[in-house]
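Novice: For what it's worth, full-length UniProt numbering labels the leading residue of the sequence shown as 1, then goes sequentially.
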Amino acid sequence: MTDDRTTHFGFETVPEGDKAGLVRGVFSSVASKYDVMNDAMSLGIHRIWKDAMMDWLAPRSGQKLLDVAGGTGDVAFRFLKRAKVGHATVLDLTEPMLIEGRKRAEAAQLEDSLDWIVGDAMALPFEDNTFDVYTISFGIRNVTRPQEALAEAYRVLKPGGRLMVLEFSQIPNEMLQKMYDVYSFNAIPAMGKLITGDRDSYQYLVESIRKFPDQDTFLGMIKDAGFDNAKFRNLSLGIACLHSGWKL
Numbered sequence: 001m002t003d004d005r006t007t008h009f010g011f012e013t014v015p016e017g018d019k020a021g022l023v024r025g026v027f028s029s030v031a032s033k034y035d036v037m038n039d040a041m042s043l044g045i046h047r048i049w050k051d052a053m054m055d056w057l058a059p060r061s062g063q064k065l066l067d068v069a070g071g072t073g074d075v076a077f078r079f080l081k082r083a084k085v086g087h088a089t090v091l092d093l094t095e096p097m098l099i100e101g102r103k104r105a106e107a108a109q110l111e112d113s114l115d116w117i118v119g120d121a122m123a124l125p126f127e128d129n130t131f132d133v134y135t136i137s138f139g140i141r142n143v144t145r146p147q148e149a150l151a152e153a154y155r156v157l158k159p160g161g162r163l164m165v166l167e168f169s170q171i172p173n174e175m176l177q178k179m180y181d182v183y184s185f186n187a188i189p190a191m192g193k194l195i196t197g198d199r200d201s202y203q204y205l206v207e208s209i210r211k212f213p214d215q216d217t218f219l220g221m222i223k224d225a226g227f228d229n230a231k232f233r234n235l236s237l238g239i240a241c242l243h244s245g246w247k248l
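1. Quick one: residues in its chain with C-beta nearer than 6 angstroms to the C-beta of Val206, no 5 flanking neighbours on either side, listed in chain order?
2. Grouping DSSP H, G and I as helix and E and B as strand, with all else coil, what is Thr94?
3. Kindly identify the DSSP beta-bridge partner or partners of residue 249.
4. Suppose contacts are defined by Cβ-Cβ distances below 7 angstroms. Is Asp214 in contact with Gln170 by that definition?
5. Enumerate in chain order the residues of its own chain whose CB-to-CB distance from Glu148 is below 6 angstroms, with the five nearest sequence positions on each side excluded.
6. Suppose you measure from the CA of Ser137 to the CA of Glu127; what does that come to, to the nearest Å?
7. Per DSSP, which residues does Phe131 bridge with? Please list them.
8. Pick out whichever of Leu124, Thr13 and Val118 has its Cα sitting closest to the Cα of Ala153.
9. Please state whether DSSP places Asn234 in a helix, a strand or coil.
10. Under 8 angstroms by Cβ, that's how I've got Gly73 and Gly44 pegged, so tell me the actual separation to the nearest angstrom.
11. Any idea if Pro159 is buried or exposed, counting beta-carbon neighbours within 10 angstroms, 16 or more meaning buried?
12. What number of angstroms, rounded off, separates the C-alpha of Phe212 from the C-alpha of Leu57?
13. Nearest to Asp144 by alpha carbon, out of Glu16, Asp228 and Arg78?
14. Considering only the alpha carbon of each residue, which of Asp55, Ser208 and Val68 lies closest to Leu157?
15. Pull up the CB-CB distance for Leu66 and Arg24, whole angstroms please, since I reckon it's below 8 angstroms.
16. Measuring alpha carbon to alpha carbon, tell me which residue in Asn234, Gln109 and Glu95 is nearest Leu80.
17. My output table needs one value for Lys193: the three-state DSSP class, helix, strand or coil.
18. I need the DSSP call for Ser61, collapsed to helix, strand or coil.
19. Assuming Ala52 and Leu242 form a contact by the criterion Cβ under 8 angstroms, report the distance between their Cβ atoms to the nearest whole angstrom.
20. What does His87 pair with, by DSSP beta-bridge criteria?
Written out as structure tokens, the structure reads:
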């Protein structure tokens, strides 16, 4: 019996079984310029958003972090510096992204506190109740079935563990959202072509943002996965959003 379930890859409809490979292709293509492109796309504001994530998370000494879709290690490095003593596991579907992360200066300084693992957010290669904190930044919209990824997050977190998701979202003001869409669909793919030589990957990234559920819908998904005390905070008018939940 064939599986005919479909999902979206940007604005394109594709078989569910194809999406992971397509996403891997996007990030393999842009891995070497990924951090440069993030700075260009967001005018450096992604760094402020990640710092805001750490402010709300308030890492504590001795905690174990799982950073899913962790790519080049941005969030893991921030977590370890705040926690002082701790351990971070960076998991990503795309090995070239992890390779770029290992090249960064912070990786050498924090080598004993870091693991880099190729893996799938929907089938995490870890035992139940393993981690104190689960983070995923600008990654959950690329997962084929986000609800399954949230269920996996719940499974691998210890009781009392914390989920935090940083993702692009929707601006509540319709006029501002339209203005942002004009910027996104025109400037970002062109910037991708200029910086990475790859327009199509950044066209996909813009489209994937528009296909992702809004803040309240995603909050409901987090609650459906079993998380308690779930809340969200908009960043930069809702261009990005932080969602938080607890395994109680």
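Virtual Cβ for every residue (Gly too), placed ideally from N, Cα, C. Source: prediction; values computed, not measured.
Specialist: Taking the definition as stated:
1. So the qualifying residues of the chain are Ser184, Phe185 and Ile188.
2. coil
3. Residue 249 lies beyond the residue range present for the chain, which begins at 1 and ends at 248; the question has no answer from this structure.
4. yes
5. Annotation for Glu148: Met122 place their beta carbon closer than 6 angstroms to its own, counting only its chain and skipping 5 residues before and after.
6. Their backbone Cα atoms lie some 22 angstroms apart in a straight line.
7. Leu157
8. Proximity to Ala153 across Leu124, Thr13 and Val118 peaks at Leu124, based on C-alpha coordinates.
9. strand
10. Wrong, their Cβ atoms sit about 18 angstroms apart, outside the cutoff.
11. exposed
12. 23 angstroms
13. According to the sequence provided, residue 144 is Thr. The question's Asp does not apply to it. Measuring from the Cα of Thr144, the nearest candidate turns out to be Glu16.
14. Of Asp55, Ser208 and Val68, the residue nearest in Cα terms is Val68.
15. Not a contact, Cβ separation roughly 20 angstroms.
16. Gln109
17. helix
18. Three-state DSSP puts Ser61 in coil, outside helix and strand.
19. 7 angstroms
20. DSSP, once it has assigned bridges, lists Lys64 as partnering His87.
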